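Protein chains: 2
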Amino acid sequence: MKQKNYTSRVQVAKALAHPSRMLILDTLQEKELRVSELTELVGADQSTVSKHIAILRNAGLISGRKEGLSVFYKLTCPCIQSFFDCLEQVVRKNIENSKEEITV
Amino acid sequence: MKQKNYTSRVQVAKALAHPSRMLILDTLQEKELRVSELTELVGADQSTVSKHIAILRNAGLISGRKEGLSVFYKLTCPCIQSFFDCLEQVVRKNIENSKEEITV
DNA sequence: TCTTTATATGGCAATATTGCCATGTTACCA
DNA sequence: TGGTAACATGGCAATATTGCCATATAAAGA
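Listed in order, the protein sequences are those of chains E and R. Here my numbering is used: position 19 in the first sequence is 19, and no number is missing along the way. Take the position in the second sequence, starting the count at 1, then add 1000; the result is the number in my numbering.
Quick look at the structure:
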């Protein structure tokens, strides 16, 4: 592959590529939440959610703030909204196209 | 997980989560290309690139147009640009933050 | 200091993704 | 009709991701 390196971009894209992480990001758009709240939201094991959080944190999409025993997470970048908007736009376009015939 | 279903969104995000596919999308922003050209660009086996193309196509990110023996692919949605812009913004923010101390 | 609570991490089995080879399909041409 | 070129797909081994259990770490209170 003779190309610029997409390592960082891909890391961010991979972080988005899981329903639980998508849900976490979507929810954090409204307000910051602690891990216990995110765990209940996702409905998986606490360790599992903690690992999802680590993936989002390592990708630079969220950051944490300690307060007593809790850690509150929030989005690092408001641009995530445009991300989701684009995703939705593609998804909607797909639905429209599937009503017509398949292009290829 | 008590949530709306993110299946379609995740499919699109997953499609983005590979350096070869990122390169393909990035390149198709400029002009449509046939499979043989994309294969040379990526520098992998033709069958491998064809599978990457299928993933992008199934996610609704690109569409193909047959012309003789060739198939030309192009982006379905100009919003992909804002996608990359956001990715770059996060990546840049990460670089800045790594110069300071680690937040968590 | 000892406990408890909140979060993070190690380990590992189940599952998914990736990339090559071989082969199938379609369109064009002799 | 046979051959060839461009692309797609089946199969499979290598690799990566996921999610749970067990456990580590850190902060607060008794």
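Heads up, the beta-carbon is just placed ideally off N, CA and C, and yes, glycines get one too. Since we're looking at a predicted model, the values are computed, not measured.
Quick check on DSSP: helix, strand or coil for residue i?
| i | result |
| --- | --- |
| R:Glu1037 | helix |
| E:Glu30 | coil |
| E:Leu75 | strand |
| E:Asn97 | helix |
If we cut at 9 Å on Cβ distances, does residue i have a partner in chain E?
| i | result |
| --- | --- |
| R:Glu1037 | no |
| R:Gly1068 | no |
| R:Lys1014 | yes |
| R:Ser1082 | yes |
| R:Lys1031 | no |
Taking the continuous alpha helix (DSSP H) assigned at residue i, which residues delimit it?
| i | result |
| --- | --- |
| E:Leu69 | Element bounds for E:Leu69: n/a, residue is neither H nor E. |
| R:His1052 | Gln1046 to Asn1058 |
| E:Ala17 | Where E:Ala17 is concerned, there is no enclosing alpha helix (DSSP H), given that its DSSP letter is neither H nor E. |
Does residue i come within less than 9 Å of chain R when only Cβ atoms are used?
| i | result |
| --- | --- |
| E:Cys86 | yes |
| E:Ser50 | no |
| E:Ser47 | no |
| E:Leu23 | yes |
| E:Arg9 | yes |
Which residue or residues does DSSP assign as beta-bridge partners of residue i?
| i | result |
| --- | --- |
| R:Ser1063 | R:Lys1074 |
Listed from N- to C-terminal order along the chain, which residues in the region 1053-1065 of chain R have their beta-carbon within a distance smaller than 8 Å of any beta-carbon of chain E?
Taking a C-beta cut-off of 8 Å against chain E, the contacting residues of the region 1053-1065 of chain R are Arg1057, Ala1059, Gly1060, Leu1061, Ser1063, Gly1064 and Arg1065, listed in chain order.
Contact set between the region 1088-1099 of chain R and chain E, restricted to residues whose Cβ is under 8 Å from the partner
Result list: Glu1088, Gln1089, Val1090, Val1091, Lys1093, Asn1094 and Asn1097.
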